[in-house]
Each structure stands twice: as structure tokens, then as C-alpha cells.
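Here's the structure we're looking at; comments come further down.
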Amino acid sequence: MLFRSRGLVLITTLTALVLGLLVTTGKAAFDKQNETISEMVSEASVFDEMLFHYGTDSNKALHDFRSASRTVILSLWDETFEQQDLHLEQAARNRNQSFIDDVVSLPTPDDRSKFFKDKALTSAIALIKARYRLTTLQHSVIPAPMLLTIVIWLA
65 MLFRSRGLVL
75 ITTLTALVLG
85 LLVTTGKAAF
95 DKQNETISEM
105 VSEASVFDEM
115 LFHYGTDSNK
125 ALHDFRSASR
135 TVILSLWDET
145 FEQQDLHLEQ
155 AARNRNQSFI
165 DDVVSLPTPD
175 DRSKFFKDKA
185 LTSAIALIKA
195 RYRLTTLQHS
205 VIPAPMLLTI
215 VIWLA
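Note that the sequence shown covers residues 65 to 219 in our numbering.
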């Protein structure tokens, strides 16, 4: 009887340990995604603000940026987006390139406009990096075979 109780304690302890590791892994993934989304929001705000202060010459870049942002939001959170054609993803990439090209082509007649253009480009690049980082973070952090093994083991 003593051996059965020790075996049960060992199995219970291992189960608790594995479940704790799963919860910790899930929380870490959530925190990283949350941090990346916060970074994207702040960079988008800075980009928008820099182009606003640049002046009316940046209106096309602002329009392209806002249009690209809508597609990015759809691709990240719309469950039906993956079922749609990949042309929306390609459209988002084209819009990213378009608003960066628009910013690069902005004239810089004085130091003020050069400052705002440089800051907008820096923010745009950081924003695109954060978007790609978030896209890679959306995949499951727990391998399916491991999860299946644990579920079968616990059943």
C-alpha cells in the first residue's frame, strides 16, 4: 500500500509540473505578443504624428499607411482571413512598400522636414519589423505532438 501511495504522489507531482510548464509557456507567449502589439501601436502613432507634422506633402503616405494598417489588422485578427485568397496579404505588402516609397520620395527643403522624414522612416521600419515578429509569434509555442502526448497521458 505504501508503494502505491508513493507512485500516486509521483504521478501527481509530475502532472502538476507538466501542467505548470504548459501554463508558463502559454503566458510567456501571450506576454510577448502583447508587448509586440504595444510596440506596433506606439510606432504607428509616432509614424502618423511625424507625417502629420511634416505637412501636406505627406498626405499620400498617410493615406497609404492607414490603408495598409487596415489590411494588417485584418490579417492578424480576422479568423476568416486565412481562408481568403492570399491577394490580401500581397496587397498589404504592396501598401507597406507604397507608403515607405512615399516617405522616401518626400522633399526635404529644410532641416525641419528632413527631421520629420527621418523619424517617420525609422518608425515605419520598426513598425514593419514588429508586424513580422507578431506574425511569427502567432504560431503555437507548444508542439502538437507534445500536447497530444500529455493529453493522452493525463486521460
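All C-beta atoms in this analysis are idealised placements derived from N, C-alpha and C, irrespective of residue type, glycine included.
Model, not experiment: these values are computed from the prediction.
Query: I need the straight-line Cα distance from GLU107 to LEU191, nearest angstrom please.; Result: 6 Å
Query: Please go through the same chain and pick out, in chain order, the residues whose beta-carbon is closer than 8 Å to the beta-carbon of MET104, but skip the five residues on each side of it.; Result: LEU191, ALA194, ARG195, LEU198
Query: So MET114 packs on LYS183, CB below 8 Å; how close in whole Å?; Result: 5 Å
Query: Within its chain, find whatever has a CB closer than 7 Å to the CB of PHE180; leave out the 5 residues flanking it on each side and keep chain order.; Result: MET114, HIS117, TYR118
Query: So, are the CB atoms of LEU211 and ALA93 less than 8 Å apart?; Result: no
Query: Kindly confirm or deny that the segment 165-175 and the segment 120-128 touch, where touching means at least three C-beta pairs closer than 8 Å.; Result: yes
Query: Taking the continuous alpha helix (DSSP H) assigned at SER177, which residues delimit it?; Result: 175-201
Query: Hey, out of ILE189, THR213, ILE214, whose CA is closest to PHE111's CA?; Result: ILE189
Query: In or out: THR77 buried (at least 16 other Cβ within 10 Å) or exposed?; Result: exposed
Query: Any idea what DSSP makes of ALA109, helix, strand or coil?; Result: Just to set this straight, residue 109 is Ser in the shown sequence, not Ala. DSSP places SER109 in helix when its eight states are reduced to three.
Query: Can the beta-carbon of ILE214 be found less than 8 Å from the beta-carbon of VAL73?; Result: no
Query: Is it right to say VAL87 is buried, meaning 16 or more other beta carbons lie within 10 angstroms of its own, or is it exposed?; Result: exposed
Query: My output table needs one value for LEU138: the three-state DSSP class, helix, strand or coil.; Result: helix
Query: What is the DSSP secondary structure of SER131, counted as helix, strand or coil?; Result: helix
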